[in-house]
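Have a look at the structure below before the remarks.
Residue numbers (UniProt numbering), protein chains in the order written: chain G, 1 to 387; chain V, 1 to 387; chain W, 1 to 387; chain Z, 1 to 387.
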């Protein structure tokens, strides 16, 4: 197996973007529980996100969600972030919460609603220009609940038209990242339900359009690492939304439900050239901390990605290739499992110490008193959530 | 095949209980859309529910959800219902929306929270006494999101204790109906996730405890009609919550996603003695009309159940048994499919006319002007929803 | 709703190709049950298939599976088929039963095995030339059972190379139809697991490559009609393999498990221009009659497709479009359901009679004595199966 | 976390029963690949199984499958096993491969077939008496492929009757272990599809009847460890059939698909008192080595169970309980994950050495020359498989 020393520098390349909305409240249709210390403003969200980076060194970027994070002066917001040690990153457009979007946004049968959805995305590109962001991420809640409710084929054409207009407005260094999702909130058909649909639209749009793979957005049993390998091969994997799930789109902490799956995904990322600063593949989290504390939840998440990335990097590529070539099924599997079962935590603690980071970020954060402070300070106001 | 005439009287036995909450707004974690004419009070909900019965003759009972439908004077509410031509039915307890219930209710690790959950159910029994209701329906959102979060086995014992205390408070003619659900809102384990768990608890409780089968609460691919047959055989099928789904617990209109499945379920109900006034099996709806109009959505739902019940009753039991005994797979399947493919709609229209009901309830309701009237009248106030 | 008269001529366009292997024995890994009258030779399979066409008028073509249907003189086999009233159709290559293919065929790590797999497909093209067939259908059992067993990305490149060489050998009027499958016989990853992968390869190959959609080859809950609509829109839907399933790739009689799904699929086929002689979309069956009699099983299957096609054609497109445009969810759904719930069987019986076909093909076949005759005649020899 | 020393003795209690059929060939309905060195006789299977025990010390028992392992003199077979260092264990009845069982065995509509199936099980009890085995394991392939094919409810009664007759023939120290399976080979309904059904029958039968949980026999997404906890609580968990799966009943090496799931299962086993000699819970493997070598496949399997048992034993119960009581979701999860991520392999190697076992069983076996020898010796004859 590869030694930890040999992968040390590669680990330093890791950048994980955290979502501003992870620090607000979230829940299910049954209940959104409040929690002490929850941010009331986008500035408080950024301050919390900055703590994740401070303690881990892994999360220098914060993704925005518009309109949840709408402010008058985005340049000032960027300055605020930089003062806290992070930068604003991907801009996520939201076309699913206005009453107009009840029957869809870019695929809505009503041209006026489609126009509104396009304009919202164009406005997001304006924000990208203000903050120097490169990525516009589009996730569409579009779909139908009942067979016959709308014309599936016509909706694809409307979608293609809307995306084309948005794409045309991108700057030279911009990207459109199109996310797909198996189902929810639509329960019969979804307009971008699978990687194939996102891929076909991105190919039609052009080089600046790539696919976003949310690890929770697949049918039961789907082999996600295969999709990773396929999209990397096709040159269209733009970003990950990491999280984990046992059932549907549960949005649990990445690696919590199936750590081995996360390992296999990261192995294919590394194998396919999707890891590192020049890969063009953005690592993002998209999770819901419904019942656990949010900042520690995010710290746990980026650490899970880091620990599993370390294991993926440890796979001995030559040994594996040799076993594969020889057709020795058990030996090839063993090479992979050997890396997975390696406990990298002590090595990572040393690695962090050597870089001026807390050896144990979770403990260091819990001991820092930050959580107690925000719980004491943030009294009153409206806790941030998905609205 | 059996003739429609031969099943005419049996159709007259059908009673479907509608949920008060179907008339309020519902949605997903992403958005609850408002809609014109939505009730602001429980009285308005009952008035709407009464319309479903008026136009179909199928829905004489309205289920309550406490605290959503909490009022000071339940006897007065019952009178209000009766004046509108319906009666209050099953009382549904709700132990998932108080902040205390973040980590569960009857299975919560904190005894004070468990006490609170028990008291809530005892209060629901008081309401049952006030309105003369026989059924307490318990659906628990209890579960955990992360492995290790709580002790699965200990939670079962706490659950058993809590249920026992509630059960002990039931009156002589009361029933406790325990619903199970595969997942959501808990995403790792659910404390009553399958019929086996609900059944085991009901057996331990006694004769007054029975299982509620919600048709949307199963793992993908589960053969629901088998569970129906099994619970009927074991004498523990107490009630249905009807709805339909393509993915998770989508709560679409019953019969909308898989009409053939609804047919198979109703066939097993009829076959196993679960149909009719004396069967002890309550038919209820539990649906979400997130984007469609609610009263027509309910009318469509009860009609779907009625139409499919008619088809199930049309199955020629003798012919089927003969084909089954002979081992003729295709012939036996054909007997069943013959009934399913029979278009019963014209016969049902005649049947309704002969009983003084509108031949086409949906059209009659749409022509009645009721929807326009409530949309005009119900301006201002807080539209009812899941809170 | 559209009248039956209005769709009468369109029904006459329907051609369903039946698979030679449906007449042989099939089963599960646990057991392949024999059955009286099963063909011992490809000629007997064709004779049986011809009966399906004789009684239904729907199945003038028989697909071959090589090497199961290997003969010395394919021109003579075509003549034999024509004498029986049918023609040989699609040629299915088989690269999963030789010991060499244990670790895959076109994606095998061993170049010698890949060569063998390519040569087998080239030989199938020779057979196509001999019989005048236009379609080479490729389904690959390729995949791995264990993570790490082989390099997922490298396998895609090998696959692409192999397909390219086969594609290059196609004649001007030939097509390569690439089937995808979610899983089985590989249990970790499959090399062509989804429509996106098949589509990406077909695009890379060129215009003569199209996707084959087997209705049983998807993850649980997948919206298949969406894929139909998408592939039609992208111009890459080449063929269907019809069957049905409750769980995995059960290969039950088409329409048996979820008739409403079959209806929705056929509606999208009609809607998207995939129906009829000039559509370029081949309708094929791919089923296993493990326990039911095979010829009646095939007759039931083509009738199911015909009955559901009739219902799909009955959908009133204008009425549906109007409801969709108005955003009336329930009304739009009702238009679709109205066609689905229409009992077309009596009209179809008349339609058949008027075209010189038995009004009730199943009854006519059972009364014909053919089954009894082959059960009496076909004694001894080796019953055909999957080997 | 608990120390390895503290669990050392408990690891010595572990007994895993291996199935005789794992050493024969297996495959899918598409192909059963042969492999060099495969046993031709039950004696050769036992000899191979004995090697697994010799190198691991974990597998002193071999389960039989009747009639696959039928011999004239079972006492002699037991002596043969003992000479090789193992003993014969559970007797598995097989009522799914005779032509008579095409439509089921204990639930068959034909009383003569039911009689035959009962007699087969009684004969298995005779074998148990001959070899001193305590467990009769019954897995039934019974079910139907098409709705209507047979009467689901009537089949339950037939099943109950048949089981009762078999149960009555058990000796004082015998157990009947009833396995359930979600689907396959039946594709519409299965007569014992879930733990609830198996449990209800076992309760009706009596104390000597318990449930067998095959880890691959559940619907997608099912929380298996919950079922473990529930059955232990109810006193009805009799045995495990270990294996793993990504999709359906893939029968891959235990722990290969989802090692974390195996950990969670074993944690609940330990937690619920299901671990160790006196627990009454038998650990068995039930796997298919379709493409990998069989003896190393079995060695890998028992080692996977051992390694994961060690991790499960390492969980600090007090620390976990404290975190659970405090409602600290992340802390409780961390306690569990800490044990899971601990690399126990070096400690286990030392543990083995100290007990006279090879530190690295897999390497030791590969170096032993046994595989080469059987490949050279076992030429000719019919390789054992599922028939």
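Just so you know, even glycine gets a beta-carbon here, dropped at the ideal spot from N, CA and C.
- Contact between residue 262 (chain G) and residue 337 (chain G) is absent: CB atoms are separated by about 15 Å, not below the 8 Å threshold.
- Residue environment for residue 49 (chain Z): buried (at least 16 other C-beta atoms within 10 angstroms of its C-beta).
- Apart from sequence neighbours up to five positions away, the residues of its chain that approach residue 144 (chain Z) with a beta-carbon distance below 7 Å are 150, 186, 188, 189, ordered along the chain.
- In the DSSP annotation of this structure, the continuous segment of the beta strand (DSSP E) that includes residue 241 (chain V) starts and ends at 237-242.
- Of the candidates W:341, W:241, W:115, W:341 places its Cα closest to the Cα of residue 260 (chain V).
- The secondary-structure analysis by DSSP pairs residue 136 (chain G) across a beta bridge with G:91, G:176.
- Taken atom to atom, the span from the alpha-carbon of residue 297 (chain V) to that of residue 332 (chain Z) is near 44 Å.
- Residue pairing from DSSP leaves residue 41 (chain G) without any beta-bridge partner.
- Nearest Cα to residue 264 (chain G) within the set G:234, G:223, G:250: G:223.
- DSSP, reduced to helix, strand and coil, places residue 62 (chain W) within a strand of the structure shown.
- Contact of residue 245 (chain G) with chain W is not assigned, every C-beta pair being separated by 8 Å or more.
- Shown here, residue 16 (chain G) sits in a strand according to DSSP, grouped into three states.
- Nearest C-alpha to residue 118 (chain V) among V:101, V:132, V:18, V:183: V:101.
- For the region 269-293 of chain G, the set of residues with a beta-carbon nearer than 7 Å to any beta-carbon of chain Z comprises 291, 292, 293, in chain order.
- Separation of residue 173 (chain V) and residue 71 (chain G) (C-alpha to C-alpha, rounded to the nearest whole angstrom) is 60 Å.
- With a minimum length of 4 residues, the unbroken runs of alpha helix (DSSP H) contained wholly in the region 187-271 of chain G fall at 195-205, 224-233, 259-271.
- Counted as a single uninterrupted DSSP element, the alpha helix (DSSP H) harbouring residue 4 (chain G) occupies residues 4-11.
- Of all residues in the region 172-201 of chain G, those with a C-beta nearer than 7 Å to a C-beta of chain W are 189, 193, 194, 195, 196, 197, 199, 200, reading in chain order.
- When Cβ-Cβ separations below 8 Å define contact, residue 250 (chain W) makes no contact with chain G.
- Residue 148 (chain G) is classed as buried because its beta carbon has at least 16 other beta carbons within 10 Å across all chains shown.
- In the DSSP assignment, residue 359 (chain W) falls outside any beta strand (DSSP E), carrying neither H nor E.
- DSSP, reduced to helix, strand and coil, places residue 284 (chain V) within a strand of the structure shown.
- Ranking V:152, V:313, V:319, V:92 by CA distance to the CA of residue 14 (chain V) puts V:313 first.
- Using a CB distance cut-off of 8 Å, residue 343 (chain V) counts as an interface residue toward chain W.
- Rounded to whole angstroms, the separation of the alpha carbons of residue 131 (chain Z) and residue 74 (chain Z) is 6 Å.
- In the structure shown, residue 297 (chain V) falls within a helical segment according to DSSP collapsed to helix, strand and coil.
- Residue 62 (chain V) counts as buried, since no fewer than 16 other beta carbons sit within 10 angstroms of its beta carbon.
- With respect to the C-alpha of residue 169 (chain V), the residue from V:205, V:141, V:154 having the closest C-alpha is V:205.
- Taking C-beta atoms as the reference points, residue 370 (chain G) and residue 45 (chain G) fail to come closer than 8 Å.
- Put simply, the backbone Cα of residue 384 (chain V) is about 46 Å away from that of residue 193 (chain W).
- Burial is judged here by how many other beta carbons sit within 10 angstroms of a residue's own beta carbon; residue 56 (chain G) has at least 16 and is buried.
- When Cβ pairs closer than 8 Å are counted between the two stretches, the region 3-22 of chain G is seen not to touch the region 361-381 of chain G, the count staying below three.
- At a Cβ-Cβ threshold of 8 Å, residue 233 (chain W) and residue 156 (chain G) count as neighbours.
- Interface annotation, residue 297 (chain V): in contact with chain W, CB-CB separation under 8 Å.
- Between residue 246 (chain W) and residue 219 (chain W), the gap from beta carbon to beta carbon reaches 8 Å or more.
- Membership of residue 324 (chain Z) in the alpha helix (DSSP H) is indicated by the continuous run 317-325.
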